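Enquirer:
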Amino acid sequence: MGESGAPVRHICGISGGKDSSALAVYMRDRAPQMEYFFCDTGAELPETYEYLTRLEVILGRPIVRLNATRGFDHWFEVFRGALPSPQMRWCTKNMKIKPIEEWIGDEAAVSYVAIRSDESNRKGYVSTKPNITTRFPFVEDGVDHAGVLRILEDAGIGLPAYYEWRTRSGCYFCFYQRKAEWIGLSERHPELFDRAVAIEQKVLQDAGVDGDADFGDRAMRGRQYTWSGGETLVQLRNRRDEILERHEAALSRTTKTRANLPLIEALADAFNEEDDTEPCTVCAP
Amino acid sequence: MSPSSLVATARRIAAESPLLLVIDEFGKNLEAIRDGSDADPYLLQQLAEAGQGTGLPIFVVTLQHLSFDDCLSGLDNVQRREWSKVQGRFEDVSFVESAAQARALISTVFDVTDSALRARIDRWAKPLASEMAALGVAELADPAVVASCYPLHPLAALVLPELCNRHGQHERTLFSFLAGAHPSGVAAFLDSTKLASRGPLPSLGLEAVYDFFVGSGSLNIASPRQSSRWSEIATRLRDAHGLSAAQARTAKSVALLNLVSTSGTVRASRQLLGLAGRGVDAALADLERAGLVTYRDFADEYRVWHGSDVDMGVRLDAARQRMSQRPLVEILAEIEQPTPLVAARHSATFDTLRVFQRRYAAAREEVAPLAAPSAYDGTVLLVAASEAELPALTSVGGHTTEPEGPGAKPVVAAIPRDVAALDEAGREVAALASLLDDPVVAGDRVARRELSERLSQARSVLDQARCETFGSQECRWVLLNGPKSGERVELSPGRGSSPVSAAADLVYSHTPPVGNEMLNRSELTSQGAKARRLLLEAMIERGNSGVDDLGFEGHGPETAMYRSFLLRTGLHRRGAKPFGPPSDAGLEPAWSILADEFGRSTGERVNLAGVGDCLQSPPVGMKAAVVPVFITAGLLAFRDEVAIYEHGTFTPVLSPEVSERMVRNPAHFDVKHFANTSGGRLMVVEALAERLGIAARGGGRSQRVSNVLAVVSSLVTRISRLDNYTRRTRRLSAGARAVRDALTTAVEPDQLLFESLPEALGFAAVGADAPDCEPAAAVASAVGGALDELESCLERMLEDLLARLLDACGVRSRATVSGQAATLDGEVLDPEVRAFVLALANDSAEDDRAWISAVATVVARKAPAEWTDEDRGRFDRELPERLAAFHRLVALHFDRRADGGGPFDPLRVTITRPDGTEYIRMVGVDARRRAALETALDDVLATTASITGSDLQAEQSLLALLSERLLPPDEPAETLSPAIGLPTESDPPARAVADGAGLSTGRAAGMLGRAANG
Ligand code: SF4
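For the record, the sequence lines run as chains W and A. According to the working numbering, the residues represented by the first sequence are 4 to 288, in order. According to the working numbering, the residues represented by the second sequence are 3 to 1016, in order.
1. Roughly how many angstroms separate the alpha carbons of S172/W and T914/A, rounded to a whole number?
2. Does R33/W come within less than 8 Å of chain A when only Cβ atoms are used?
3. Check whether the Cβ of I17/W lies closer than 8 Å to any Cβ atom in chain A.
4. Give the straight-line distance between the Cα atoms of N483/A and D615/A, rounded to the nearest whole angstrom.
5. Quick one: does the C-beta of Y166/W sit closer than 7 Å to a heavy atom of the ligand SF4?
6. Is it true that the stretch 412-420 of chain A meets the stretch 370-381 of chain A, where meeting means three or more beta-carbon pairs spaced less than 8 Å apart?
7. Does the ligand SF4 have even one heavy atom less than 7 Å from the beta-carbon of F671/A?
8. Figure out for me which residue from T731/A, P760/A, R733/A and S735/A has the closest Cα to the Cα of A744/A.
9. What are the residues in the stretch 834-850 of chain A lying within 7 Å of chain W by C-beta distance?
10. Under the rule that 16 or more other beta-carbon atoms within 10 Å means buried, what is G29/A, buried or exposed?
11. Quick check on DSSP: helix, strand or coil for G187/W?
12. Since H649/A is in the beta strand (DSSP E), which residue starts that stretch and which ends it?
13. Tell me the residue span of the beta strand (DSSP E) that contains F40/W.
14. In the structure shown, what three-state DSSP assignment does E18/A receive?
15. Please determine whether the Cβ atom of K101/W lies at a distance below 7 Å from any heavy atom of the ligand SF4.
16. In three-state terms, what does DSSP make of R12/W?
17. Since S114/W sits in a beta bridge, which residues does DSSP pair it with?
18. Is F61/A buried or exposed, if buried means 16 or more other CB atoms sit within 10 Å of its CB?
19. Among residues of its own chain, excluding the 5 on either side of A102/A, which ones have a beta-carbon nearer than 7 Å to its beta-carbon?
20. Rounded to whole angstroms, what is the Cα-Cα separation between Q36/W and I61/W?
21. If the criterion is Cβ atoms closer than 8 Å, does the pair L247/W and A183/W meet it?
22. Taking all protein chains shown into account, do 16 or more other C-beta atoms lie within 10 angstroms of the C-beta of A121/A, making it buried, or fewer, making it exposed?
23. Please confirm if the stretch 501-520 of chain A is in contact with the stretch 441-454 of chain A, defined as three or more CB-CB distances below 8 Å between the two stretches.
24. According to DSSP, is V673/A part of a helix, a strand, or is it coil?
25. Under 8 Å, with one C-beta from each stretch per pair, do the stretch 783-791 of chain A and the stretch 675-687 of chain A reach the 3-pair mark?
26. Count the C-beta pairs between the stretch 104-121 of chain W and the stretch 22-42 of chain W that are closer than 8 Å, then say yes if the count reaches three, no if not.
27. I'd like to know whether the C-beta of H77/W is nearer than 8 Å to at least one C-beta of chain A.
28. At a CB-CB cut-off below 9 Å, which residues of chain W make contact with E797/A?
29. Please confirm whether N609/A and A677/A have their CB atoms less than 8 Å apart.
30. Buried or exposed: where does L963/A fall if 16 or more other Cβ atoms within 10 Å of its Cβ makes it buried?
31. Which residue comes first and which comes last in the alpha helix (DSSP H) that contains P618/A?
32. Against I61/W, what residues of chain A qualify as contacts under a CB-to-CB distance less than 7 Å, listed in chain order?
33. Under the rule that 16 or more other beta-carbon atoms within 10 Å means buried, what is N522/A, buried or exposed?
34. Below 7 Å on C-beta distance, what does A867/A contact in chain W?
35. Can we count R92/W as close to the ligand SF4, meaning its CB is less than 7 Å from some heavy atom?
36. Given that S657/A touches chain W, what residues does it touch there, using C-beta distances under 7 Å?
Here it is as structure tokens:
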């Protein structure tokens, strides 16, 4: 019971990645009243959607989809075509943080966050709202990477299929994607890649071809024109072989230096060689 | 006191007797705004309007030392715009005191009673007066005037009024110098000066004035334009050390004259400075050598700051010459953009701010009215030619709409009688402005500064000229596109915005009563935007709920918007149809435009941006921010007749998020009206509504639905809830498949209902003019049947899966299977089998459906709701094998328990016959007997080796024999009981071939190994 006498809510956010999914399963029997939620950007990978349904069945409880009606396409129209970027991350703010905080409201709640016992330096999304207490069950119980994999295996759901080519969940066009992951997208989901290209083209066109001065002065300040740094997606795709070569090299370097690595870790390490900025803590992993 | 009660109070007082409100020191309020407080101009505006329109005698006068513009310099554009709208409701009356008046004021301050002194002063004044006359300063050429100013030196008396006007607060500053307690003020001088009985009379000269005003910094420098020059001069003098008294006095005199003027008689000329006292020439020479002052030959002027060698006069003449060649209108358009004009009286009467853009125009210019979405309500053309040159102003392009429909925004031309003053002032500004680009001037800081100063003076002359030219009674005002048929209408001339108000009265005759200042704008504040968003959301979500104030609590701006614009006007009310035609007659014209536009969309889609344009055009002229609220009310009122399309796609429900996008980009939305159907089509619609149980939206339960949209929306909504399996599977009846495909590919509601759906089910399409449709009921029941089939598809599959599983286990309830699985709890190591066993054991599942879903998910690694038909096939294939493994484990576990439960390490043995059939068996050794058994085996092996000749041969032979014994007598593997099965294809066991029969061993698929290992 909270101070007000209302029952305390127990909530567990699912990102579509392995850790949070494992935590959901882990908490299934430990906190039967748990409310699971997922912030839907409307732009997740098909693998993620499929995985969520799988998880939902295994949990035997619904996963509440937050933000289901105002996805990326909505905000993109409302913001008149500004791409989100690490500097201007309106995506996370509008599609994740705000809906979460709205959903939680002002009732007392315990939020369970999937930080593993072997990741001391990752932060995770910890709400700053005073009515929310945060707990880290994996840290408390010493569940590490192997523990997470075992939980998922036992539950019979395994890993989301995107782990074959991408290390993080999130939007298909997420700007935190590494170049090799973009190539992965273009090969696994050419139609999504094309959509990302179309969005980018629209922004470029708005900015350049008919950008009036006023628009340029105000709206475009500090704004991102391309999804991936320094080039358009079309240019990036044209460099496919070069990017993959580099990625392969990084992959073999990691597997060499660290023997007997599960593929999923090797992949993560190889991607980190390109760019290891901490991605959106709400969205990943 | 709140602003609104203040206004109410003012009105009450004025109802009794006329009210004059005088706000003194209004400049302080403006300063507060400039310094970043969030003062709202709105109160002032409300006060200003309190009387207008109501006929109450309320007058507001504000007093400030500087013009509005000067006070507000330094504000950003948005704030300025807000304020200039407010200013537009006032008339500027500038008060500029003449120098003579100021000097008359000075003379009243000093009172000389001693007649001897009086005589001395007169004697002192005489030569000075004649020197002033020689200098050309007529105002001080009269000895009496000079004497009356004593103890001020005539030079001080000369510069003081100008100084105070330009840099201070007029006579207040003047008085604080004359009478204040400041140590360099006049009072201090009088106190401290001993008057010798003979000799020259001491007087206060330029030096003292400088010390008071500049040196002590007591002057309030109002305009930033001036202050940099002040500070430069003050700094230069302050930093000049070691000056003799005469040098300092001279330097200060020069400085002060520089500040007051840079040309004309009053300037730091040699002659004028000569009056300041003896030794000036020498001091000037010293100062010049020291570089503190420079002498500008051509202007005969000393300057404290750096001199410039640019000959401004020559350049300016050339520039004037150039300007005189160009058409006036071109010049004016280039140098200034007149501020927009608020139609003050009209705005107050209609409670709607109408702002006209102003620009200069040539006679006979082709002018197009503003487009509907423009933030301005009309255009004022300041015609830069006198009437004499204007036999007729040319026709105005762009007025093309039908006389009945929405018209073009008004264009008003102001044609002055006489443009001479405007002409002169404009060309002067242009000439000066053009010099700023002159590279010589641009490179000379001093010249540039001087130029900008002159330019700003010239600009104020221009302002004045503009006001007088167009504010004159002689100026003709013509509305070029009158409301009837674009005819010309002569307006009565006048100052300020009265002619424009008259035009707005004519053109915007149907201005809708919005009653909410925050909403009734072309652009919302961020607070207003938030309130409007809440309002729209509440209209959509709670408009039908019958709650008070749409469920808003308190008196927030959204409540105010709702009450004044929706509730008061009757756009929203209680009842079965809460949105509908307004009861407020003032809103009727706007409503009929909306209804007409929607009605027009029967044949073709109509774009919402276009509807907004009509509403924003005359005669309604709805403000842009109101339009979305009004259109939304209309869409809700006609929700069962008007379909919405976003980017061309039919949108079954107007949700808040759709509305957000609509507000942002109305052009992305179209509407189409589905007129009431009749004949055969009506029969189909009614049959469907009945079969599908669709009630009218927002209406009572009993209300019959006879429109296409309610039916289609219901169908589309139901289809959109289907799971992915149902969307993809082919395991459906042909009819259900066809209905599904028709519904998921439908683009047009009527096509769907009357063509694709009937055709999908084998009926003929129903034409628009079909008198009846005999199979209507059959169509409806087929559609209903197909929908039922679709909606139960997943459920049925799950039932089927459950039945298969229970069947394969030979049991009747999942509880039995769960119970068996639970006995294996925690003992299975193989991950895949373990997950399967755990899923079977799951007793927290709410029902059979949840349980079988989880089991199916584990087997297929995909939730059934996401399956394809291939996934289902795979499940069907894999289930028996999984179950076989499960049952073996159960049996093994059971044996072991029966056996006393000793720990053992099981192996799975697969034996392959030459014909390829295989046999699998779980085997194990009880650890407690292991040692004894191994000894026995060693013995047998030794014996066998003596027969076969080698150890290896011995092992293999024994293995083969054992295997044969394990095999059941000639029974093919496929028909074995659930306890025995084939290995999976994906997991072929490694094989060792021995004597024609394959045999392999490996870690068992399920290992009951915990006890043994641990
Ligand atoms: S996944 Fe990436 S793009 Fe999507 S919301 Fe998170 S940060 Fe933004």
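Backbone N, C-alpha and C fix where the C-beta goes; we use that ideal spot for every residue, glycine too. Model, not experiment: these values are computed from the prediction.
Expert: On the basis of the data shown:
1. On the first sequence, residue 172/W is found 169 positions in, with the first residue counted as 1. On the second sequence, residue 914/A is found 912 positions in, with the first residue counted as 1. Straight-line Cα distance between these residues: approximately 45 Å.
2. Sequence index remark: in the first sequence, residue 33/W carries index 30 (1-based). No, R33/W lies away from the interface with chain A (no Cβ there is under 8 Å from its Cβ).
3. Against the first sequence, residue 17/W aligns to sequence position 14. Chain A, which has no Cβ nearer than 8 Å to the Cβ of I17/W, makes this no.
4. Counting from 1 along the second sequence, the entry for residue 483/A is found at position 481. Counting from 1 along the second sequence, the entry for residue 615/A is found at position 613. Distance between the alpha carbons of N483/A and D615/A is about 18 Å.
5. Your numbering for residue 166/W matches position 163 in the first sequence. No.
6. yes
7. Position 669 of the second sequence, counted from the first residue, corresponds to residue 671/A. Outside the cutoff, so no.
8. Position 742 of the second sequence holds residue 744/A. Minimum Cα distance to A744/A is reached at P760/A.
9. R836, A837, F838, L840, A841, S846, A847 and E848
10. Here residue 29/A refers to the residue found at position 27 of the second sequence. Answer is buried; the Cβ neighbour count reaches 16.
11. Translated into positions along the first sequence, residue 187/W becomes position 184. Looking at G187/W - three-state DSSP - the assignment turns out to be helix.
12. One-based indexing of the second sequence puts residue 649/A at position 647. Where H649/A is concerned, there is no enclosing beta strand (DSSP E), given that its DSSP letter is neither H nor E.
13. The residue you call residue 40/W lines up with position 37 of the first sequence. Per DSSP, F40/W belongs to the beta strand (DSSP E) from E38 to C42.
14. Taking the second sequence and counting its residues from 1, the one referred to as residue 18/A is at position 16. E18/A falls in the helix class under three-state DSSP.
15. For the purposes of this step, residue 101/W is identified with residue 98 of the first sequence, where counting begins at 1. Outside the cutoff, so no.
16. Mapped onto the first sequence, residue 12/W falls at position 9. Strand, per DSSP.
17. For the purposes of this step, residue 114/W is taken as residue 111 along the first sequence, with counting starting at 1. In the DSSP output, where bridge partners are listed per residue, S114/W has I14/W and T137/W.
18. To locate residue 61/A, count along the second sequence from 1; it is residue 59. The residue is exposed, with fewer than 16 neighbouring Cβ atoms inside 10 Å.
19. One-based indexing of the second sequence puts residue 102/A at position 100. Only E141 meet the Cβ criterion.
20. Sequence index remark: in the first sequence, residue 36/W carries index 33 (1-based). Sequence index remark: in the first sequence, residue 61/W carries index 58 (1-based). Cα-Cα distance, rounded: 15 Å.
21. Taking the first residue of the first sequence as position 1, residue 247/W is located at position 244. Taking the first residue of the first sequence as position 1, residue 183/W is located at position 180. In this structure, A183/W lies closer than 8 Å to L247/W by Cβ.
22. Position 119 of the second sequence, counted from the first residue, corresponds to residue 121/A. Per the 10 Å Cβ criterion, exposed.
23. no
24. Here the question's residue 673/A lines up with position 671 in the second sequence. Looking at V673/A - three-state DSSP - the assignment turns out to be strand.
25. no
26. yes
27. For the purposes of this step, residue 77/W is identified with residue 74 of the first sequence, where counting begins at 1. Closer than 8 Å: yes.
28. By 1-based counting over the second sequence, the position of residue 797/A is 795. Under the 9 Å cutoff, chain W gives no residues; its nearest Cβ is about 14 Å from E797/A.
29. If you number the second sequence from 1, residue 609/A lands on position 607. If you number the second sequence from 1, residue 677/A lands on position 675. It is not a contact, given that the beta carbons lie outside the stated cut-off.
30. Against the second sequence, residue 963/A aligns to sequence position 961. Label assigned to L963/A: exposed.
31. Position 616 of the second sequence, counted from the start, is the residue given in the question as residue 618/A. Note that residue 618/A is Gln in the sequence shown here, rather than Pro. That run of the alpha helix (DSSP H) goes L610 to Q618.
32. Stepping through the first sequence from its first residue, residue 61/W is reached at position 58. Within 7 Å Cβ-Cβ: A856 and T859.
33. Locating residue 522/A in the second sequence gives position 520, counting from the first residue. It counts as buried.
34. Your numbering for residue 867/A matches position 865 in the second sequence. In chain order: T56.
35. Numbered from its first residue, the first sequence carries residue 92/W at position 89. Checking every heavy atom of the ligand SF4 against the Cβ of R92/W, one is found closer than 7 Å.
36. By one-based count along the second sequence, residue 657/A stands at place 655. Those are T72, listed as they occur along chain W.
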